[in-house]
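A.B. asks: If you read the sequence shown in this note's numbering, its first letter stands for residue 123, the second for the next number, and so on. Think of the CB as a built atom: it goes at the ideal place given N, C-alpha and C, for glycine as much as any other residue. Here's a structure for you.
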Amino acid sequence: MLTRKQHELLMFIHERMKESGIPPSFDEMKDALDLKSKSGIHRLITALEERGFIRRLPNRARALEVVKLPDSMNPSLGGRKAKFEPSVIEGDLGKVPQRAGFAEAESGQSVTIPVMGRIAAGVPIEAIQTHSHSIAVPPEMLGSGEHFALEVRGDSMIEAGILDGDTVVVRRQDSAGTGEIVVALVDDEEATLKRLRRKGDMIALEAANPAYETRIFPSDRVKVQGRLIGLLRRY
């Protein structure tokens with residue numbers, strides 16, 4: 123059972139991360155709980171960690187993650203850490219497994235989309251390249267709009283089910299909602315695949331691997347190139 127202050131702090135952290143995707147600072151926590159010093163916040167954080175409600179992540183600024191909420195509440199964490207379930211086409215790229223949510227693709231019904239080079243699921247790399255080759259995907263995966271594919275390099279999105287060597291399928295668009303996985307272009311020269319979070323005029327590009335820091339930029343430095351809708355994987 124949590125004390126009143128522990129419960130207040132847990133819910134404040136939870137609500138702030140739902141809103142912006144970024145944990146509050148210790149000063150913000152101190153002010154929210156009307157405490158006189160940050161030492162009280164340190165004690166509350168330690169107590170919540172010992173009880174398994176939060177986790178401190180190494181090598182990340184404001185490195186807090188809400189693991190669970192009190193049993194009396196809905197156990198869902200509002201989608202912040204909801205696992206991305208990619209539509210995966212495995213092995214033979216002409217065959218779609220039932221678990222991916224598609225029926226078997228009939229011969230001749232695939233759609234060809236361009237592969238636009240490689241995308242970093244790690245530290246950003248050079249901007250998206252020009253059309254290198256094409257791949258065939260089932261039309262059920264695409265829906266409306268223009269699409270392209272990128273080859274993934276790096277491991278920063280492994281907890282979202284996106285592995286080094288995968289090919290991601292992207293719907294081309296220049297905007298995205300907070301929490302969506304996007305292809306983002308930073309300063310018109312670095313392309314990366316990350317989960318996008320917004321707060322005011324700032325954008326956070328969040329990895330799905332605790333070994334990587336969340337990168338935060340003014341919104342005018344980040345351009346959304348598209349939103350992830352699925353991926354292809356060879357074995």
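Please name the residue in Glu273, Leu170, Ile135 and Ser161 whose C-alpha comes closest to that of Ala154.
C.D. replies: Ile135
A.B. asks: For a quick check, are the C-beta atoms of Glu335 and Arg317 less than 8 angstroms apart?
C.D. replies: no
A.B. asks: Is the beta carbon of Val290 closer than 8 angstroms to that of Ala82?
C.D. replies: Lying outside 123 to 357, the shown extent of the chain, residue 82 is not represented and no answer is given.
A.B. asks: Using C-beta distances below 8 angstroms, list every residue in its chain close to Glu207, excluding the 5 sequence neighbours before and after it, in chain order.
C.D. replies: The predicted model places Glu207 with a pLDDT of 45, which falls under 50 and marks its position as unreliable; any figure quoted below should be read in that light. Here the set comprises Gly283.
A.B. asks: Using 8 angstroms for Cβ pairs, my map puts Ala326 next to Gly143. What's the rounded Cβ distance?
C.D. replies: Yes, Ala326 and Gly143 are in contact; Cβ-Cβ is about 5 angstroms, under 8 angstroms.
A.B. asks: If we call anything under 8 angstroms between Cβ atoms a contact, is Gly348 one with Gln295?
C.D. replies: yes
A.B. asks: Rounded to whole angstroms, what is the Cα-Cα separation between Asp310 and Ile241?
C.D. replies: 14 angstroms
A.B. asks: Note the first and the last residue of the continuous beta strand (DSSP E) segment covering Arg320.
C.D. replies: Bounds of the beta strand (DSSP E) holding Arg320 are Glu312 to Lys321.
A.B. asks: Whose C-alpha, out of Ala333, Ser341 and Leu315, is nearest the C-alpha of Asp323?
C.D. replies: Ser341
A.B. asks: Rounded to the nearest angstrom, how far is the Cβ of Arg343 from that of Val308, given a contact under 8 angstroms?
C.D. replies: 6 angstroms
A.B. asks: Ser278: buried (16+ other C-beta within 10 angstroms of its C-beta) or exposed?
C.D. replies: buried
A.B. asks: Distance, Cα to Cα, Lys256 vs Gly265?
C.D. replies: Looking at the sequence provided, one finds Ser at residue 256 rather than Lys. Between Ser256 and Gly265, the C-alpha separation is close to 18 angstroms.
A.B. asks: Output the distance between the C-alpha atoms of Pro360 and Leu132, rounded to the nearest integer angstrom.
C.D. replies: Absent from the structure is residue 360, since the part of the chain shown begins at 123 and ends at 357.
A.B. asks: DSSP state of Ile167, grouped into three classes?
C.D. replies: helix
A.B. asks: Keeping to the same chain, check which residues put their C-beta closer than 6 angstroms to that of Ala169; ignore five residues upstream and five downstream.
C.D. replies: Gln128
A.B. asks: Could you check what DSSP says for Gln295 in three-state terms: helix, strand or coil?
C.D. replies: Correct three-state label for Gln295: coil.
A.B. asks: Can you check which of these residues, Glu281, Arg319, Gly299 and Ala333, is closest to Leu179 by C-alpha distance?
C.D. replies: Ala333
A.B. asks: Excluding five sequence neighbours on each side, which residues of the same chain lie with their C-beta closer than 6 angstroms to the C-beta of Glu268?
C.D. replies: Arg294
A.B. asks: Measure the C-alpha to C-alpha separation of Leu350 and Val304 and round it to an integer number of angstroms.
C.D. replies: 6 angstroms
A.B. asks: According to the neighbour-count rule (16 or more other Cβ atoms, all chains shown, within 10 Å of its Cβ), is Arg202 buried or exposed?
C.D. replies: Reliability of the predicted coordinates at Arg202 is poor, the pLDDT of 42 falling under 50, and the value obtained from them is presented with this limitation in mind. Looking at its Cβ environment, which holds 16 or more other Cβ atoms inside 10 Å, Arg202 is buried.
A.B. asks: Just how far apart, CA to CA, sit Ile163 and Lys321?
C.D. replies: 24 angstroms
A.B. asks: Quick one: which unbroken alpha helix (DSSP H) runs of 4-plus residues sit fully inside the region 256-282? Chain order, please.
C.D. replies: 261-264
A.B. asks: Do Ser297 and Ala258 have their C-beta atoms closer together than 8 angstroms?
C.D. replies: no
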